[in-house]
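Worksheet for the structure shown next.
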Amino acid sequence: MTDRYAVFGNPIAHSKSPQIHARFAHQTAQDLSYSAEHINEDAFEAAVTNFLQGDGKGLNITVPFKERAWALAQWRSERAELAGAVNTLHRLEDGRLAGDNTDGIGLVRDLADNNEVDLEGARVLILGAGGAVRGVLQPLLAAGVSSILIANRTPARAEVLAQLFDPAAGVTACGFDAIPATAFDLIINGTSASLQGELPPVPRATVSAHTACYDMMYGAEPTPFCRWAQAQGAGRVMDGLGMLVEQAAEAFLIWRGVRPDTTPVIQALRESLAAH
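Position 148 of the sequence shown, counted from 1, bears residue number 267 in this note's numbering, the numbering being contiguous throughout.
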């Protein structure tokens, strides 16, 4: 019996997850299938139950269902608990539904392993305060960053995220208009502004020649944020394609107990994006 896996989302047609997991399975000689499933808003919980009752072994969950997956999980990892969102589901041996969040570790691995960004002691500015940002805060702190400033159009939303952490953790919040005009070691764009071709209003002085700039979004062309960062002379500029592959690799490890090599998969995806 081939083990079945899938990603549930709405919309889902654009998902690269089936390609990624097919490459992982081929590389690690695992017998599995992986599909992208469009789930109606009112059918999510039933669809999860039905899928995981048969030969379905695990699910990835994407927009707009990550919070509902969190609520559905009967056991949650610490990182999922703090993220308030679950993107990876599987059944434990006792039958309980286990939820994890691999987004943050995916970002940290892409920064540290693939791009050799030194996170130890780094001063980090994160733009945006949505679910994507919430999921990466704890893994960044665990990787040794010294402080995180969350800046958002609505400061109160950023404040909510900062308050999830002990004041000693060094997580603070402000509005876009209150970002200090001082250089950060790492700036992460966690807003969806890139999808609209827009840019969060960030002071130029936040970028210096040693600043690494990372956009969680990606595309065939550099995102507006990546182009802006390059124009300001940032030391490193990266998009989120590697994060996508790394979060998938962590899910694959949780399900199969084997970690695939992400480098050739990131390269293949980059080439296919450029070709289209």
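From the three backbone atoms N, C-alpha and C, an ideal C-beta is built for every residue, glycine too.
Notebook entry, point to check: Would you report the Cα separation of V126 and N179, rounded to the nearest angstrom?
Noted result: To locate residue 126, count along the sequence shown from 1; it is residue 7. To locate residue 179, count along the sequence shown from 1; it is residue 60. Cα-Cα distance, rounded: 4 Å.
Check: Is it a yes or a no for the stretch 142-151 touching the stretch 183-197, going by three-plus beta-carbon pairs under 8 Å?
Finding: no
Next item on the list: Out of A162, R187, A148, T207, point me to the one whose CA is closest to K401's CA.
Entry: Missing from the structure shown is residue 401; the chain here goes from 120 to 395 and no further.
Item checked: Cβ neighbours of P320 in the same chain (closer than 8 Å, five flanking residues each side left out) -> As a position in the sequence shown, residue 320 is number 201, starting the count at 1. F295, D296, listed in sequence order.
Next item on the list: Grab me the residues of N129's own chain with a C-beta within less than 8 Å of its C-beta, minus the 5 sequence neighbours each way, in chain order.
Entry: In the sequence shown, residue 129 corresponds to position 10, counting from 1. Excluding positions up to five away in sequence, the list reads H157, I158, N159, E160, V182, P183, F184.
Check: Excluding sequence positions up to five away, which residues of its chain have a Cβ less than 6 Å from the Cβ of Q149?
Finding: Counting from one through the sequence shown, the residue named residue 149 turns up at place 30. If we look at Q149 and ignore the five residues flanking it on each side, its Cβ neighbours are R375.
Checklist line | Terminal residues of the alpha helix (DSSP H) in which I224 lies | finding: Position 105 of the sequence shown, counting from 1, holds the residue named residue 224. First-last of the alpha helix (DSSP H) with I224: 222-228.
Next item on the list: Return the first residue and the last residue of the alpha helix (DSSP H) that G250 is part of.
Entry: Taking the sequence shown and counting its residues from 1, one reaches residue 250 at position 131. Its alpha helix (DSSP H) spans residues 250-261.
Checklist line | Candidates A328, P341, G361: closest to R397 by CA position | finding: Examination of residue 397 is not possible in this model, given that the chain is present from 120 through 395 alone.
Check: Between L238 and L305, what straight-line distance do the alpha-carbon atoms span, to the nearest angstrom?
Finding: Your numbering for residue 238 matches position 119 in the sequence shown. Your numbering for residue 305 matches position 186 in the sequence shown. Approximately 8 Å, taken between the alpha carbons.
Note to self: If you reduce the DSSP assignment to three classes, tell me which class V264 lands in.
What the structure shows: Position 145 of the sequence shown, counted from the first residue, corresponds to residue 264. Note: V264 maps to coil in three-state DSSP.
Check: Below 8 Å, can you find three or more Cβ-Cβ pairs linking the stretch 239-246 to the stretch 257-265?
Finding: yes
Margin query: Tell me the residue span of the beta strand (DSSP E) that contains K185.
Written below: In the sequence shown, residue 185 corresponds to position 66, counting from 1. No beta strand (DSSP E) holds K185; the alpha helix (DSSP H) holding it covers 185-191.
Check: Should the stretch 359-375 be regarded as contacting the stretch 223-238, the criterion being three or more beta carbon pairs within less than 8 Å?
Finding: yes
Note to self: Check this for me: beta carbons of L256 and L280, under 9 Å apart or not?
What the structure shows: Here the question's residue 256 lines up with position 137 in the sequence shown. Here the question's residue 280 lines up with position 161 in the sequence shown. Going by C-beta atoms, L256 is nearer than 9 Å to L280.
Check: Ends of the beta strand (DSSP E) at L363?
Finding: Residue mapping note: residue 363 aligns to position 244 of the sequence shown, counting from 1. Segment 360-375 is the alpha helix (DSSP H) holding L363; no beta strand (DSSP E) there.
Check: Pick from V364, D380, V167, P383: whose alpha carbon is nearest that of I224?
Finding: Within the sequence shown, the letter at position 105 stands for residue 224. When each option's Cα is compared against that of I224, the closest is V364.
Item checked: Nearest-angstrom Cα separation, counted from A192 out to L216 -> Indexing the sequence shown from 1 puts residue 216 at position 97. Indexing the sequence shown from 1 puts residue 192 at position 73. About 5 Å.
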